[in-house]
Amino acid sequence: ISTAIDMRGLFGLEKCDTDEKMAVVCRSDDSLISLLIDQIGDVIEADIDHFERAPDTVSSDIRKYIKGVHKLENNLMTVIDVKKIFNLLNQKVEAA
C-alpha cells in the first residue's frame, strides 16, 4: 500500500478524459509513493549532464518539480524531481 499522487492535480492540469491511469512506484529511504500518470514511454538511461532547463513555456508551478528536460530524437523528455515530490508529501503529513 502506498500513497498515490495524481500528477495532473499536482501540476494544476485539467483532468484527463480517460479514467485509465498508470502508476509509477517510487521508493525513498523509508517510504513509497505512487505517481499517477497518463502514459509511460520508453525507459531510457539519461546522463544528468545532458539535462537542460525546462522551457520558459512551462509554468513555475510545474517547473519547481522538474529536474530538467532531456532531448530525444523527436521530442523532449521531462524529468521529474522525485525528491521534491517526497518532500511535499512529508510536509503535508507533518501539517496534518
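With the working numbering, the residue at position 42 of the sequence shown is 35, and numbering never jumps. The beta-carbon is built from N, C-alpha and C at its ideal position, and this holds for glycine as well.
Per DSSP, what kind of secondary structure is R46 in: helix, strand or coil?
Taking the sequence shown and counting its residues from 1, the one referred to as residue 46 is at position 53. In the structure shown, R46 sits in coil (DSSP, three-state: anything other than H, G, I, E or B).
Compute the Euclidean distance between the alpha carbons of D10 and V51, then round it to the nearest angstrom.
Looking up residue 10 in the sequence shown gives position 17. Looking up residue 51 in the sequence shown gives position 58. Straight-line Cα distance between these residues: approximately 22 Å.
Apart from the five residues just before and just after S53, which ones in its own chain have a Cβ nearer than 6 Å to its Cβ?
Looking up residue 53 in the sequence shown gives position 60. Cβ neighbours of S53 beyond the five flanking positions: none.
Starting from V72, follow the beta strand (DSSP E) in both directions and report where the run begins and ends.
Within the sequence shown, numbered from 1, the residue matching residue 72 stands at position 79. Here the beta strand (DSSP E) through V72 covers 69 to 73.
Proximity below 8 Å, CB of K60 to CB of I73:
On the sequence shown, position 67 is the one that residue 60 refers to. On the sequence shown, position 80 is the one that residue 73 refers to. Cβ distance < 8 Å, so K60 and I73 count as in contact.
Which listed residue (H63, S21, N80, I(-6)) has its alpha carbon closest to that of E38
Position 45 of the sequence shown, counted from the start, is the residue given in the question as residue 38. The option with the nearest alpha carbon to E38 is H63.
Considering only C-alpha positions, which residue in the set E7, G2, I(-2), D42 is nearest to L28?
Residue numbering aside, residue 28 sits at position 35 when the sequence shown is read from its first letter. Its Cα nearest to that of L28, the residue I(-2) stands out among E7, G2, I(-2), D42.
Buried or exposed (CB count within 10 angstroms, at least 16 for buried), I33:
Taking the sequence shown and counting its residues from 1, one reaches residue 33 at position 40. The residue in question, I33, is exposed, as its Cβ has fewer than 16 Cβ neighbours within 10 Å.
Mind checking which residues open and close the alpha helix (DSSP H) that includes I55?
Your numbering for residue 55 matches position 62 in the sequence shown. Start and end: 53 to 56.
Going by the DSSP bridge assignment, what does D12 pair with across the sheet?
One-based indexing of the sequence shown puts residue 12 at position 19. None; D12 has no bridge partner.
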